[in-house]
Each structure stands twice: as structure tokens, then as C-alpha cells.
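Following: one structure in C-alpha cells, then a few remarks.
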Amino acid sequence: MNVKRWVALGIATLLVAVSIIVNSVSAAFSTDFSSWLDDYEATLMNSMTTSVIEPGDVTDRIAVLRVEGVIQDTGSASSLLGTTGYNHGFFLAQLEEAKNDPSVKGIVLSVDSPGGGVVESAEIYKELMKIKDETEKPIYVSMGGMAASGGYYISAPADKIFVMRETMTGSLGVILQSINYGELAERYGVDFVTIKTGPYKDILSPTREMLPEEEEMLQEMINDSYEEFVRIIAEGRNMTEEEVRAVADGRILNGRQAIEANLADDYGFEEDVIAALKEDLDIPNAEVFEFTQDQSLSSLFGVKARSFLGLDIETQLISKLITDNQAPRMMYLYGEQ
Numbered sequence: 002m003n004v005k006r007w008v009a010l011g012i013a014t015l016l017v018a019v020s021i022i023v024n025s026v027s028a029a030f031s032t033d034f035s036s037w038l039d040d041y042e043a044t045l046m047n048s049m050t051t052s053v054i055e056p057g058d059v060t061d062r063i064a065v066l067r068v069e070g071v072i073q074d075t076g077s078a079s080s081l082l083g084t085t086g087y088n089h090g091f092f093l094a095q096l097e098e099a100k101n102d103p104s105v106k107g108i109v110l111s112v113d114s115p116g117g118g119v120v121e122s123a124e125i126y127k128e129l130m131k132i133k134d135e136t137e138k139p140i141y142v143s144m145g146g147m148a149a150s151g152g153y154y155i156s157a158p159a160d161k162i163f164v165m166r167e168t169m170t171g172s173l174g175v176i177l178q179s180i181n182y183g184e185l186a187e188r189y190g191v192d193f194v195t196i197k198t199g200p201y202k203d204i205l206s207p208t209r210e211m212l213p214e215e216e217e218m219l220q221e222m223i224n225d226s227y228e229e230f231v232r233i234i235a236e237g238r239n240m241t242e243e244e245v246r247a248v249a250d251g252r253i254l255n256g257r258q259a260i261e262a263n264l265a266d267d268y269g270f271e272e273d274v275i276a277a278l279k280e281d282l283d284i285p286n287a288e289v290f291e292f293t294q295d296q297s298l299s300s301l302f303g304v305k306a307r308s309f310l311g312l313d314i315e316t317q318l319i320s321k322l323i324t325d326n327q328a329p330r331m332m333y334l335y336g337e338q
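So the number in the working numbering is just where the residue sits in the sequence shown, counting from 1, plus 1.
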């Protein structure tokens, strides 16, 4: 055989090997190991602790809840394997705890996020509205370096929104992206065989061009989510939908522009937002705290998982293969993430 045939054979062998490995590991995670993941997630939720930011009266407390990173639910596996970043399940648990704790008189939502999934953002919004409707606890938002798209979506119901002059916010809208490598594959002689039950079953396939009618279908979905986004901002900021649409075209705004567009109320760093909430609630001696997880427990399970699956670098690669959702998703998201 010539060199090209040897190379082709090597690539094919590698693809088969990777497929076998991924399928084997996925099977392990979906059978015996799945019960361990479930037990781990439940145990980790029960390991919630608090860390005091400012000591004070424990009967009058302010909870600081942080949303840092892309708002997406990466599942139990990534938490187990020790990856860092936003933990959707843990954040929802924090919202529930803050709602039910009578000593929590107010909430500071600290947002430093480019946004994320449409579903995850909607879940956070729903829980925040429960807090407002069922407890009337005030929610103040402290925007960090970025609070764009979904980061603004979850901020919209707050009683007050504070920004820094350098904050990047806005990017109000919805995006759905895919990649098409069909021509590249054809150039290298890669053929894709698709058997499907309907003409649109492989909509947004990376191996073919999108049909005009498919684009219309997806645009209708995007428009529905956009209208909901506009409604939520209009309701939360006491604006008309026309006023919201004037800035909800995907543009990015800094802190000054956000205030001028009525998307934010005032300037302030996190400590300023906490001070403002204390003053408005007339609880100057309130304890300020945030929820944390027992890192020793998390580390213990992480070590066990890594020893079960192999070396650290291998674990990370396998984790990415297992937990990454490759299907295109509608996102409230700014930038390439």
C-alpha cells in the first residue's frame, strides 16, 4: 500500500478506537456508575455551607448569590470530575435556600456572565420571581465585568441594577449557531451517510446546506424566545416593549449607556450594592454571607473519580466527550464561548 492508504487506514483505526472508548465509558456512566453520580450530586447539595463576608446580626442577613461564567447545566459528571465554573444545580439550590431562610432579608445577585442557555436562564428567572412573589425579599443586582444576554435576562426582575462604568452588558437577544464542514469533508473524500424519517430530521446538520424552509422554522423559534426576552425586560424595568426593542438588537452597552437606556439604575461595586441594600432595608448591622460547597467533600469525590477513570489529562478529555452537548442550542449568549 502507498503512504496515503496507510494514513487513511491509520485514521480509520483511530476513529474506531475512539468510538469504542467513548461508548464504553458512556456505558459505564449510564449503568453502575450512574448511581454513584446520583449519590454524589445529592451529597454535594447537602454539603452547602456559608461563608461570612461581613459579620453582623445573624437574624438580619443579606445573601450574596454569584453567577460567574456561562449559564449552562453541564450535569453531574463535570462537577464530579472537578471542573470549575458555574454550577447550575448548586445555584438553584442557593436560590431555594435564600427564599426559605427567614433570616435572609435581602439578596444581592452578583452577575459576571456572558449569558448562556435559554432554558437555564429561564429557570433562574422563574426562581427569582418566586422569591419576589412569595417573600417580597428585595433583590439587587451587582454587575461585574460582563452581564450580557442571559446575564441580563436573569437580572431584569431585580428591584435595582447596579453597574460599573466598565461593565459590558446588553447583547439582548437570542442566537442559534451551527457549523457546516460539508465542503471541507468533500474535499478530503469524506462521505456522510444519513438515514432519516423525515426531510427535516437532520436540520442544522453540519454536513449539508440549510434549506430555506428550515431557516424559516428556526427563525420562528428564535423570534418566540426573543419576544419573551423583551417582555421580561419590559416588565422588570417598567419599560414599554418598543423602548426595549430600541436597544434589544444585540448591541453591547457599557455601564453609562445601560443607565441612559434605563437598563440599570446606578453605578456601584459589589460593596456599594450591599451598602445600598442595608440602607434601604434599614438593617445597618446585617450579616452578609454567601453560600459555598464543602470543598473537602468535592475534592474527595474528585480524587476517587480520577482514580476510577485514569490520569487527570485523560479524565478531562473523557469528561469533555461525555458532558459536552454537541447539538446546536438556542442561547442567550454574547461572544464565542
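The C-beta atom is built at its ideal place from N, Cα and C for all residues, glycine as well.
Taking Cβ positions, are residue i and residue j nearer each other than 8 Å?
i    : j    : result
G116 : Y333 : yes
A110 : L173 : The displayed chain sequence assigns Leu, not Ala, to residue 110. Not a contact, by the Cβ cut-off of 8 Å.
S179 : P213 : no
M144 : M165 : yes
D266 : K197 : no
T51  : F230 : no
I176 : S122 : no
P158 : K138 : no
T274 : A262 : The question names Thr, but residue 274 is Val in the sequence shown. No, these two residues do not count as a Cβ contact at 8 Å.
Y189 : I155 : no
Buried or exposed: which applies to residue i, given that a residue is buried once 16 or more other Cβ atoms fall within 10 Å of its Cβ?
i    : result
G86  : exposed
T170 : buried
M222 : exposed
P346 : Nothing can be reported for residue 346: it is not among the residues displayed for the chain, which extend from 2 to 338.
N88  : buried
P103 : exposed
M147 : buried
D192 : exposed
G237 : buried
D250 : exposed
L185 : exposed
D74  : buried
Kindly list the residues whose CB is nearer than 8 Å to the CB of residue i, restricted to its own chain and excluding five residues on each side of it in sequence; keep chain order.
i    : result
E210 : N181, G183
E128 : L93, L96, E97, K100
T241 : A235
D203 : T195, K197, R209
Using a Cβ-Cβ cut-off of 6 Å (strictly less than) and excluding sequence neighbours within five positions of residue i, which residues of its own chain qualify?
i    : result
V105 : R62, A64, A99
G152 : V112, S114, G116
L254 : T170, G171
A259 : V164, T170, A265
T1   : Here the chain has residues from 2 to 338 only, and residue 1 is not among them.
Can you tell me which of the three DSSP states residue i falls into?
i    : result
D225 : helix
I155 : coil
A123 : helix
G237 : helix
I196 : coil
K161 : strand
Q178 : coil
K138 : coil
L310 : Caution is warranted here: a pLDDT of 48 is assigned to L310, below 50, making its placement in the model unreliable, and the coordinate value is therefore given only provisionally. Reduced to three states, the DSSP call for L310 is helix.
R252 : coil
I284 : coil
V147 : It should be noted that the sequence gives Met, not Val, for residue 147. Strand.
R330 : coil
M211 : coil
Q220 : helix
V68  : strand
K202 : coil
V191 : coil
L264 : coil
Q258 : helix
Between which two residues does the alpha helix (DSSP H) carrying residue i extend?
i    : result
F92  : 89-101
G269 : Segment: none, G269 is in no alpha helix (DSSP H) and carries neither H nor E.
V245 : 242-246
G167 : Note that residue 167 is Glu in the sequence shown, not Gly. Premise fails: E167 is in no alpha helix (DSSP H) and is neither H nor E.
G183 : 183-188
Go through its chain and collect everything with a Cβ distance to residue i's Cβ below 7 Å, but skip five positions before and after it.
i    : result
E215 : Y201, I204
T136 : K100
L219 : L177
Where do the ends of the beta strand (DSSP E) carrying residue i lie?
i    : result
I117 : For clarity, residue 117 is Gly in the given sequence; the question names Ile instead. Residues 116-118.
T51  : 49-55
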